[in-house]
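Residue numbers (our numbering): 1 to 196.
In structure tokens form, the structure reads like this:
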């Protein structure tokens with residue numbers, strides 16, 4: 001299995017590297033690997049600009065490191081999509097299931113995956129909802145994102161189970177990942193399309 005870490009770098013500075021290292025190590029532990037892979041040893045981003053560092057690795061070694069100029073996608077409208085079978089607990093390079101779900105977005109910018117009635121994530125980011133006092137992130141995300149973990153540690157988010165039918169009680173939503181930062185959704189979330 002090939003896994004990835006995506007790390008933000010700006011003007012040669014790496015952002016929040018310890019969180020990425022912790023997730024890489026947790027993934028290796030989950031897969032039963034005793035490999036010692038150190039991201040700091042292989043990362044050398046360009047000195048100028050905003051860059052997405054992509055590290056491809058497996059249970060034995062870091063396979064490839066690439067750097068790409070980064071321009072954030074505009075995401076203001078989400079299409080809810082129900083899928084009770086998806087599992088993306090490890091940040092796998094294999095994203096065909098996510099890509100298939102993304103193709104169901106219609107006119108929306110991305111999808112919001114609903115699993116077993118509970119809100120999880122979009123295809124590229126974790127999500128949180130604002131209740132007027134605090135930001136709440138789903139307790140069962142598809143992927144334990146590094147930005148999600150950092151915001152939880154900083155007490156800027158709390159986690160709790162969020163059923164899809166509870167979304168309307170919130171005053172706002174935001175998505176976040178290592179590259180995007182914390183981005184408020186402007187146009188809302190569309191109800192799932194009923195198939196069949």
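The C-beta atom is built at its ideal place from N, Cα and C for all residues, glycine as well.
Bear in mind that the values here come from a model prediction, so they are computed numbers and not experimental data.
N-terminal and C-terminal residue of the alpha helix (DSSP H) that residue i is part of
i           : result
residue 84  : It is not in any alpha helix (DSSP H) - residue 84 carries neither H nor E in the DSSP assignment.
residue 48  : It is not in any alpha helix (DSSP H) - residue 48 carries neither H nor E in the DSSP assignment.
residue 40  : 39-42
residue 100 : 96-102
Residue i, DSSP secondary structure in three states
i           : result
residue 167 : helix
residue 58  : coil
residue 16  : coil
residue 3   : strand
residue 23  : helix
residue 36  : coil
residue 196 : Here the model assigns residue 196 a pLDDT of 38, short of 50, so the residue's position is not dependable, and the following value carries that caveat. DSSP places residue 196 in coil when its eight states are reduced to three.
residue 74  : coil
residue 118 : strand
residue 63  : strand
Exposure of residue i, with buried meaning 16 or more beta-carbon neighbours within 10 Å
i           : result
residue 145 : buried
residue 122 : buried
residue 173 : buried
residue 81  : buried
residue 110 : buried
residue 120 : buried
residue 186 : exposed
residue 105 : buried
residue 63  : exposed
residue 72  : exposed
residue 178 : buried
residue 27  : buried
residue 153 : exposed
Limits of the beta strand (DSSP E) - the one that residue i falls within
i           : result
residue 184 : 181-184
residue 190 : 188-190
residue 112 : 110-115
residue 124 : Taken as a continuous stretch (DSSP letters only), residue 124 belongs to no beta strand (DSSP E), as it is neither H nor E.
residue 173 : 172-177
Sequence-distant residues of the same chain with beta carbon closer than 6 Å to residue i, five excluded per side
i           : result
residue 68  : 52
residue 157 : 128, 135, 137 and 151
residue 5   : 20, 24 and 55
residue 65  : 42 and 55
residue 86  : 97
residue 115 : 84
residue 77  : 108, 109 and 187
Sequence-distant residues of the same chain with beta carbon closer than 7 Å to residue i, five excluded per side
i           : result
residue 19  : 146, 149 and 150
residue 191 : 80
Cβ shell of residue i (< 8 Å), same chain only, five flanking positions each side left out
i           : result
residue 58  : 1, 2 and 3
residue 32  : 59
residue 184 : 172, 173 and 174
- [ ] May I have a chain-ordered list of the beta strand (DSSP E) segments no shorter than 3 residues that lie completely inside the region 134-168?
- [x] 135-138 and 158-160
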